[in-house]
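Student: Residue numbers (numbering that gives the first Met the number 0), protein chains in the order written: chain A, 0 to 104; chain B, 0 to 455. First, the structure itself, so that you have it in front of you.
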Amino acid sequence: MIPLHRLAHARAGDKGNRLNLALIAHDPAHWRHLAAEVTEEKVLALFAHRGATAVRRYDLPGLGAFNFVVEDVLQGGVNGALNLDGHGKTLSFLLLSMAVRESQE
Amino acid sequence: MDLLRIGCGSGFSGDRLDAPLPVVEALIAAGGPAALMLEVLGERTLALAQRERLHRPEAGYEPALVDLLRPILARCVAHGIPIVTNGGAANPRGAARAALALARELGLPGLRVGVVEGDDIRGTPALAGLDPWEGDAGAVLEPERVIAANVYLGAAPIAAALRQGAQLVITGRCSDPALALGPMLAHFGWGEAEWDRLAAGTLAGHLLECGAQVTGGYFADPGVKDVPGLAEIGFPIAEIDAEGGILITKPPGTGGLVDRRTVTEQMLYELHDPAAYLTPDVVLDITGVTLTEEGPDRVRLSGARGRPRPPALKATVSLPGGWLGEGEISYAGPNARARAELAGRVLRQRLEKLGLAAQARLDLIGVVSVFGGDAGPPAGLDDIAPPDIRLRLALATATREEAERAVREVLSLYCCGPAGGGGVRSRVVDRIRTLSFLVPRERLSPTVSLLTLEDA
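In structure tokens:
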């Protein structure tokens, strides 16, 4: 297993208590492999300790990318959270710490 | 081909003050029609501005607005480059007066400033009985507690101000992409139902709205995604054609980079459903967008699709949010983690005595902080042994006194806590809670006024 960081880059954005995580393959040829590895279930499990209630993945194969929308993960968001990072901006790198299988492609 | 260049000189309130000038110089050097946008208005910024205005009626606009405009205003006026900014915040008219005073000082007494108003619905019937935005389902609006309530307006009033000859357009709350779409509407004369063109213009505005976030800012990851020259990063310029073709680039000779990766990260930033990005002007679908790297720091985008704009506009409503107390103390060297954890247990016991433990969170900065939940980090995230740890307390309280009493417990760790703690810092701030509601369009009537020094 390798960290997702080896295969993709990511950026986090917030809207209220919702977090979006754009995940982009370094090499678009790995998109299909990432689609199999980085499932909604695995992302929800990764953010369970933060209170996440649902994850929706939007697929953007033409861009070699995915957009994950994670619900209720920011404790009310930047104006309510006690976390140092109320925006959840650092959480893109929590996603990139996920362990995934190496791509055979 | 008829090209309109739109530069972005600021991506948020707090951005670099020297960023706009290289963009303006590049727009001038390119020649041809151009506009500059300055995005400076966060969700929370507007509530703070509204509060500031209560104390000082002439205030309530972006405090850095004059500092941002000073180096560029005369250059932009001389070359016919209009500036569009949401720096009016809670007081667009006050911002216009400050800009006109700057114009007088710079020897530009004829400056024409367009002021867009009508986003501020605090204390108006438009606030009554609104439905919450889906992300805030269940929220109830209590009009008497509202600090600020502002609707995201679209591009039409900005375009109207430009058509009337405004050289600087100042708005309060509007959608960030509208700061770019407004000049496109004024220049190309796109109709309000040309959905694919409005979608392309909105996509360009979305790519520009965070400034350097599309030109290599917020992107560098050494050894993985390297970016040259972050200290002098160039802010973005979009070249738009009459059909809605988009090219993203940056001023020559600046730091940063524009490529498929930087553009993709920003395109998806703060997006939810990529097939339905809701804005006041159009519903944008980016699922068919393709990117082409045309050369160094030049990325072309095509394939944005639009659908009719939504019937309701989003309003951000700000309410008092209680108090936040924070305190920190450092432990370093041998057994640092054990001493920091002991200090954390001591704080918990002290806060229990004060009846404040339930709303408190403790972080060990240097072990796991930002990734963790309020109950602490999950297993597996904390199996490292750092040499330098900062214990952080954060808690939410109803009153200032409770917050002050709690953070005092961090200070008293100096004499009553574990060995070798140092560098205590603490602060207590009042908070603002924001909720989003949907406002039917027909309740709103945005206005445009043109002001000159004679009016100010």
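C-beta: ideal position from N, C-alpha, C; glycine also. None of these values were measured; they are calculated from a predicted model.
Taking only beta-carbon atoms, is residue 17 of chain A less than 8 Å away from chain B?
Tutor: Under the Cβ distance rule, residue 17 of chain A counts among the residues neighbouring chain B, one pair being separated by less than 8 Å.
Student: Between residue 14 of chain A and chain B, is the shortest Cβ-Cβ distance under 8 Å, so that the two count as touching?
Tutor: yes
Student: Quick check: is the beta carbon of residue 282 of chain B nearer than 8 Å to any beta carbon in chain A?
Tutor: no
Student: Helix, strand or coil, according to DSSP, for residue 11 of chain B in the structure here?
Tutor: coil
Student: For residue 1 of chain A and residue 69 of chain A, what's the separation of their Cα atoms in angstroms?
Tutor: One C-alpha to the other measures close to 23 Å.
Student: When you compare the CB positions of residue 423 of chain B and residue 325 of chain B, do they come within less than 8 Å of one another, or not?
Tutor: no
Student: Mind checking whether residue 198 of chain B and residue 287 of chain B have CB atoms under 8 Å apart?
Tutor: no
Student: Where does residue 117 of chain B land, buried or exposed, given buried means 16+ other C-beta within 10 angstroms?
Tutor: Around the C-beta of residue 117 of chain B, 16 or more other C-beta atoms lie within 10 Å, and the residue is accordingly described as buried.
Student: Go ahead and label residue 60 of chain B buried or exposed: buried means 16 or more other beta carbons lie within 10 angstroms of its beta carbon, across all protein chains shown.
Tutor: buried
Student: Spell out a yes or no on whether the stretch 257 to 268 of chain B and the stretch 21 to 29 of chain B are touching, meaning 3 or more CB-CB pairs, one atom from each, closer than 8 Å.
Tutor: no
Student: From what residue to what residue does the beta strand (DSSP E) around residue 450 of chain B run?
Tutor: 446 to 450
Student: Out of B:183, B:136, B:132, which has the shortest C-alpha to C-alpha gap to residue 157 of chain B?
Tutor: B:183
Student: Between which two residues does the beta strand (DSSP E) harbouring residue 156 of chain B extend?
Tutor: Where residue 156 of chain B is concerned, there is no enclosing beta strand (DSSP E), although the alpha helix (DSSP H) it sits in stretches over 155 to 162.
Student: Is the Cβ-Cβ distance between residue 247 of chain B and residue 213 of chain B less than 8 Å?
Tutor: Taking 8 Å as the Cβ cut-off, residue 247 of chain B and residue 213 of chain B qualify as a contacting pair.
Student: Within a Cβ cutoff of 6 Å, which residues of the same chain sit near residue 92 of chain B, ignoring the five residues on either side of it in sequence?
Tutor: 114
Student: Where does residue 74 of chain A land, buried or exposed, given buried means 16+ other C-beta within 10 angstroms?
Tutor: Label assigned to residue 74 of chain A: buried.
Student: Just to make sure I have the definition right: I need the residues of chain E whose C-beta is within less than 9 Å of the C-beta of residue 29 of chain A. Which are they?
Tutor: Among the chains of the structure shown, chain E does not appear; the protein chains present are A and B.
Student: My output table needs one value for residue 13 of chain A: the three-state DSSP class, helix, strand or coil.
Tutor: strand
Student: How far does the beta strand (DSSP E) with residue 319 of chain B in it reach, from first residue to last?
Tutor: 311 to 331
Student: Does the CB of residue 368 of chain B have a neighbour CB from chain A at under 8 Å?
Tutor: By this cut-off, residue 368 of chain B is an interface position.
Student: Under 7 Å between beta-carbons, which chain B residues line up against residue 84 of chain A? List them in chain order, please.
Tutor: 369
Student: Following the continuous alpha helix (DSSP H) through residue 195 of chain B, name the residue where it begins and the one where it ends.
Tutor: 194 to 207
Student: Please name the residue in B:21, B:88, B:7, B:378 whose C-alpha comes closest to that of residue 36 of chain B.
Tutor: B:7
Student: Can you tell me the Cα-Cα spacing of residue 86 of chain B and residue 300 of chain B, whole angstroms?
Tutor: 29 Å
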